[in-house]
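One structure is given here, and the rest of the page talks about it.
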Amino acid sequence: MIRYAQSDDAFAYGFEDEVWWSRTAQPALHSWCSDQPFRLVEKQRAKDDPDGPAIACYGCYLPSDNQMLLRFVDGRPVSAVTCAFLTWLAAHFTAKGKRALFLIWDNATWHNSKIVRTWLKEHNRLAKQQGSCRLIICRLPSKSPWLNPIEPKWLHGKRAIAEPVRTLPMDELIQRICDYYHCQPLDPIAK
């Protein structure tokens, strides 16, 4: 399937996943210091902090371009938000002149929900009629995150944006994430 997508400019393929970016939890990280051991400790949020403890993010990794497409979420990833992300993704690839996107993802419950399956069927039916980008879903086996190349991208990103001294405001956290992945911060997907 990947070779097929690579053989024609009208097709693309990507790996989709969701991740939570925490403002307080620190990633597993090793570092070297000349003075004393350096240790990342989970921070506490101030009681009057208006930002939430974390933000959810949908991402699509495109190995052919070594590019990440990101959309942040108000709330948690659920079926309706997944459909909104897929709508945005299809519009993005339609604008690039693609006829189909082979989207490889895991078996998260919201990926297998009736709402998402119905939305995909309807979207692909309309896309075929209108000549826009269809979404062809390829599911990874259950409990096999090592098969999804986006997973290490998330881990490296979390390590790169770690702030050992202070709790980042949500807008600064989002900006750091977008800077690391070389993408523009877009409005979050609403529930």
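Take 4 as the starting number for the sequence shown in the working numbering and just add one per residue.
Where a beta carbon is used, it is the ideal one built from N, C-alpha and C, also for glycine.
query: Secondary structure of residue 20, DSSP reduced to three states; result: strand
query: Meets three-Cβ-pair contact criterion under 8 Å: the segment 163 to 171 and the segment 134 to 153; result: no
query: Distance between beta carbons of residue 141 and residue 119, contact taken as under 8 Å; result: That belief does not hold up - the Cβ atoms of residue 119 and residue 141 are roughly 14 Å apart, past 8 Å.
query: Own chain partners of residue 95 with C-beta closer than 7 Å, once the 5 adjacent residues on each side are dropped; result: 72
query: Whether residue 13 touches residue 101 by CB criterion (8 Å); result: yes
query: CA nearest to the CA of residue 54, picked from 139, 143, 70 and 175; result: 175
query: Helix, strand or coil at residue 160 according to DSSP, with G and I counted as helix; result: helix
query: Inter-residue CB distance, residue 61 and residue 74 (contact presumed, cutoff 8 Å); result: 5 Å
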